[in-house]
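According to the UniProt record's numbering, the sequence shown is numbered sequentially starting from 1.
Backbone N, C-alpha and C define an ideal beta-carbon position, used for all residues, glycine too.
In this text, all values refer to a predicted model and were calculated from it rather than measured experimentally.
What follows is a single structure, written as structure tokens, with notes after it.
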Amino acid sequence: MKSHLVGCAGKVLPFVRLKIIDPIDGNKLGPNEIGEIVVHTPFLMKGYLNQTKEWHSNGWFNTGDQGYYDAEGNLFVIGRYKELIKYKSKQVAPSNIETQLMTHSAVKDVAVVGLPHGIDGEHPLAYVVIKMDAEGRPLATAKELIDYINVRVLDGEKLRGGVRFLEHIPRNKFGKVVRHQLVANLQRGDGSSQIFLCYKQRLVVARRDCGYLNQFVNLIIKMAFMKLLYLSVIDFGIQWILWGLASWLKTEKFYDLAGSSTFALIAFLAYKKYSTGHIRTKIQTTAILLWAVRLGFYLFSRVLKEGHDRRFKDAKEYPSVFFVYWTLQGVWVIVTLLPSLLMVMQRRQPPLSALDWLGWLMWLVGFITEVVADYQKSQFRSNPANAGKFINTGLWSISRHPNYFGEILLWCGLFTSASATFTSWWEYLTILSPMFLTYLITQMSGIPPLEKYGLQKWGLLPEYRAYLKNTPVLVPYLYN
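The structure is reproduced here in structure tokens:
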């Protein structure tokens, strides 16, 4: 037997004769013609007591198996005649459909039976034991399996009867599928109108005719709502606990450190708990961690050196106002991370594409821009000769806020790479994430207070007014 012949049972042993006959007229068939397998061997018993229909003339045994042999004598067993599915004028062997389904990576076990149909006779229906991910979710849906098999089989073998999920396929002690039990279940109507959605501990059971309910349940599952809720609780829990401590101490010194640390923690938790370990999720998570660690260290060092953060000069004196700032930081963390979190949670990661590399290139340019801008400003301020002056050199000569430009660009890049895994329209709505960040920086807590502070301190200086006139507020070289 050739090992590469899928489904081949082997060749006939010595002292054994085999032929394929037409089950209707008993005529012998040739190579590659499908019929009933009959055998003749001296090792066979003489027959069944009071049952002669299994025996042919001259000691030939009718096996009841459907199959054929090729030109080289390799035998292929397709199925049992009594188990064949009668679709219109065709006889469909379940074994071929089962073999094809078992090639799907999400299928653990399968059995195919005929679902009675008023016009066509029977439609192939597959009972499937599906593999689960670490969270107890099925790795494939019924529709995905149907689409997978229907392009790989003949017309009569298409799963017109659908796919149903079971905990296990009934088998006898020899491992043979007990098809009559599955057929009996169909005849009784057991399970004929239910789809078992194996999620978590398989507690969700939905009626097939409740289409909108099923869609809603599937949507909630697909959006990973509970996972995002879990991460959000951690995010806001950290902010509110530290708000209580900061209000009690009346300090803002660890505000930015808390924000960047929460970014790193949420990204790391999402990767450890929900990621498949795909290279895309590793790169995305690493990019977030690098940004968070660098920014957190820089901002914390700066506030320790300066002794205060002028953004919170008045707010830290009023706990209720301070609470708004800490809550807004929690929103900033989870909303900014949203596209990357959805990407990390994807169970089926497509191959890396140009979109991934474009996004990571944007992140790299943005990250370098932010790092260089912060370094240049830090060096400028550390020079005693620049005391009381505004910075207008380096990247600050082509943008009044190059650090913020870099931050917006890098998060737009991470959205771009995350979008390479999106398959549903609602996932693309997470473009609101970089839009929210841009709004936050340009309209609320980033640029506006700095511009106001600059006007108050240097607004009367001609050189500063010329700087405002000739230098773009955010995007380098963009008309101001």
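The beta carbon of GLN181 lies closer than 8 Å to those of PRO170 in the same chain, with the five residues before and after it left out.
In the DSSP assignment, ILE408 falls within the alpha helix (DSSP H) that extends over 402–418. The C-beta distance from GLY394 to GLY366 rounds to 16 Å, too long to fall under 8 Å, and the pair is not in contact.
Under DSSP, the beta-bridge partners assigned to VAL92 are ILE85. In the DSSP secondary-structure assignment, ILE20 is bridged to LEU29 and ILE37. Runs of alpha helix (DSSP H) with 4 or more residues, each lying fully within the segment 248–303, are found at 255–274, listed in chain order. Note that the C-beta distance between GLY237 and GLY296 is not below 9 Å. Contact between the segment 368–385 and the segment 447–463 is absent: fewer than 3 CB-CB pairs across the two stretches fall below 8 Å. In this structure, the straight-line span from the alpha carbon of PHE415 to that of ALA466 is close to 36 Å.
The residues ARG400, in chain order, have a CB closer than 6 Å to that of THR471 in the same chain once the five nearest residues on each side in sequence are set aside. For PHE165, there is no enclosing alpha helix (DSSP H); the residue is found in the beta strand (DSSP E) stretching over 163–165.
At a cut-off of 4 residues, the continuous stretches assigned as alpha helix (DSSP H) that sit fully inside the segment 300–367 are 319–345. Beta-bridge annotation (DSSP): PRO138 is paired with MET132. Sixteen is the threshold: when 16 or more other Cβ atoms of the shown chains lie within 10 Å of the Cβ of GLU83, as they do, the residue is buried.
With fewer than three CB-CB distances shorter than 8 Å, the segment 151–162 does not count as touching the segment 128–141. When the Cα atoms are used, THR336 and ALA134 turn out to be separated by approximately 26 Å.
With a cutoff of 9 Å on beta-carbon distance, LEU159 and HIS123 are scored as near each other. Taking one beta carbon from each stretch, the segment 313–328 and the segment 236–252 have 3 or more pairs nearer than 8 Å; the two touch. Sixteen is the threshold: since fewer than 16 other Cβ atoms of the shown chains lie within 10 Å of the Cβ of TRP425, the residue is exposed.
If the five residues before and after ASP309 are omitted, its C-beta is found closer than 6 Å to the C-beta atoms of GLU252 and VAL303, all from its own chain and listed in chain order. Under the three-pair Cβ rule at 8 Å, the segment 27–41 counts as touching the segment 61–73. In the DSSP annotation of this structure, the continuous segment of the beta strand (DSSP E) that includes PRO116 starts and ends at 107–117. Listed as beta-bridge partners of TYR69 by DSSP are LEU75. Bridge pairing for ALA126: VAL112 and VAL163 [DSSP]. The C-beta distance from SER275 to VAL344 rounds to 5 Å, short enough to fall under 8 Å. In the three-state reduction of the DSSP assignment, VAL372 falls in the helix class. When DSSP reads this structure, GLY121 sits in a beta bridge with TYR87 and HIS117. Looking at the backbone, the Cα of LYS108 and that of TYR127 are separated by about 11 Å. Put simply, of GLY162, LEU432 and ASN96 the residue whose alpha carbon is nearest the alpha carbon of TRP332 is LEU432.
Under the three-state reduction of DSSP, ARG152 is assigned to coil, being neither helix nor strand.
PRO402 is positioned such that its CB atom lies no closer than 9 Å to that of GLU427.
Cβ neighbours of GLY114 within its own chain (closer than 6 Å, five residues either side excluded): ILE85 and GLU122.
Leaving aside the five residues that flank LEU269 on each side, the residues in its chain whose CB is nearer than 8 Å to its CB run, in chain order, LEU231 and ILE234.
Assignment of beta-bridge partners to ARG171 by DSSP yields VAL177.
In this model, PRO351 and LYS19 are separated by some 48 Å (Cα to Cα). For ASP120, the closest alpha carbon among the candidates LYS227, ALA111 and VAL92 is that of VAL92.
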